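Take the working numbering: the final residue in the sequence shown is number 220, and no numbers are missing along the way.
In this text, a Cβ means the ideal position worked out from N, Cα and C, and glycines have one as well.
The structure presented is a predicted model; accordingly, all values stated were derived computationally and were not measured.
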Amino acid sequence: MPTAAPVDKSATPLPAVFAHLIATPTAFGAIDDGSEAVCAVAEGWLPYEVQAGDSLLALALASGSSLIDLREGNCFGPVTGIIVGETIVLPTLLEPPIAPVSPLFPVSDEAYQVVGCESVRAMIFEPPPMTELQGIFAVRGRALIPEGGKYRLSVKPAWSPDYHRFLDVERSVDDDVIGLINTEIFGPGLQRLRLEIVGADDKILEDSSCEIPVVFMAP
Numbered sequence: 002m003p004t005a006a007p008v009d010k011s012a013t014p015l016p017a018v019f020a021h022l023i024a025t026p027t028a029f030g031a032i033d034d035g036s037e038a039v040c041a042v043a044e045g046w047l048p049y050e051v052q053a054g055d056s057l058l059a060l061a062l063a064s065g066s067s068l069i070d071l072r073e074g075n076c077f078g079p080v081t082g083i084i085v086g087e088t089i090v091l092p093t094l095l096e097p098p099i100a101p102v103s104p105l106f107p108v109s110d111e112a113y114q115v116v117g118c119e120s121v122r123a124m125i126f127e128p129p130p131m132t133e134l135q136g137i138f139a140v141r142g143r144a145l146i147p148e149g150g151k152y153r154l155s156v157k158p159a160w161s162p163d164y165h166r167f168l169d170v171e172r173s174v175d176d177d178v179i180g181l182i183n184t185e186i187f188g189p190g191l192q193r194l195r196l197e198i199v200g201a202d203d204k205i206l207e208d209s210s211c212e213i214p215v216v217f218m219a220p
């Protein structure tokens with residue numbers, strides 16, 4: 002089983018990253034050749050005007066969807082965010098405002114621990130644990146997948162009981178960018194960032210995960 006390593010919550014100052022990065026061929030396949038992909042928003046979904054305080058994840062959960070399904074239903078890319086006044090579509094009708102999610106910083110030590118990260122298959126090199134992040138940032142690490150497998154990045158806000166799948170990639174990456182994440186998709190507060198190696202049978206490989214705490218800052 003993965004073991005947990007404590008993180009010193011009292012250490013100051015926390016490293017801060019305020020970066021806007023572009024996708025790399027390593028993480029997202031070949032460089033765009035200029036051809037346009039055809040995408041249509043989900044049929045039968047209903048319009049919703051984005052309100053102040055909304056996040057894509059909160060809207061997905063409120064409408065009974067998943068983050069990836071809501072993203073695909075709106076033809077959004079992995080790091081596409083939403084802005085106040087924009088109209089998106091949701092699978093169910095929601096009357097604004099949606100109850101805002103307040104940033105949460107649990108008092109339990111467990112929320113601040115590094116878990117796993119002992120296997121050569123799955124390691125997160127950057128950002129370091131407890132880094133303050135804002136906007137679009139790169140996750141750099143190692144994800145060595147078996148034949149027919151993939152690696153998965155998931156994020157768990159402190160207010161959520163669940164991890165939310167963000168990205169699946171069917172190629173190995175060694176000491177390079179394994180994904181880009183937009184903090185605005187999840188909202189501010191403490192988050193758990195998890196990398197897992199998934200086998201060809203779609204099951205998580207034993208002792209092949211790495212999980213760290215990070216802090217998403219409000220824009």
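Q.
Quick check: what's the CA-CA separation for SER161 versus LEU191?
A. 11 Å
**Q.** Residue from ALA219, PRO214, MET218 whose Cα sits closest to the Cα of SER109
**A.** PRO214
**Q.** Cross-strand partners of LYS157 (DSSP beta bridge)
**A.** ARG193
Q | ILE146: first and last residue of the uninterrupted alpha helix (DSSP H) it sits in | A | Note, ILE146: premise wrong, no alpha helix (DSSP H); not H, not E.
Q. Along the chain, where does the alpha helix (DSSP H) that runs through GLU69 open and close?
A. In the sequence as presented, Glu is not what sits at residue 69; that position holds Ile. Segment 68-74, the alpha helix (DSSP H) holding ILE69.
Q | Cβ pair count under 8 Å reaching 3, the segment 41-60 against the segment 139-152 | A | no
Q.
Spatial neighbours of SER66 within its chain, please: C-beta separation below 6 Å, excluding the five flanking residues on both sides.
A. PRO92
Q: Assess, as a yes-or-no matter, whether the segment 202-211 is touched by the segment 118-129 under the definition of 3 or more beta carbon pairs within less than 8 Å.
A: yes
Q: Please report how far the alpha carbon of ARG193 lies from the alpha carbon of MET124, in whole angstroms.
A: 14 Å
**Q.** Neighbourhood of LEU53 by C-beta distance below 7 Å, restricted to the same chain and skipping five residues each side
**A.** According to the sequence shown, residue 53 is Ala rather than Leu. Result list for ALA53: VAL85, in chain order.
(Q) Based on DSSP bridge pairs, tell me the residues matched to ASP203. (A) ASP203 is not bridged to any residue.
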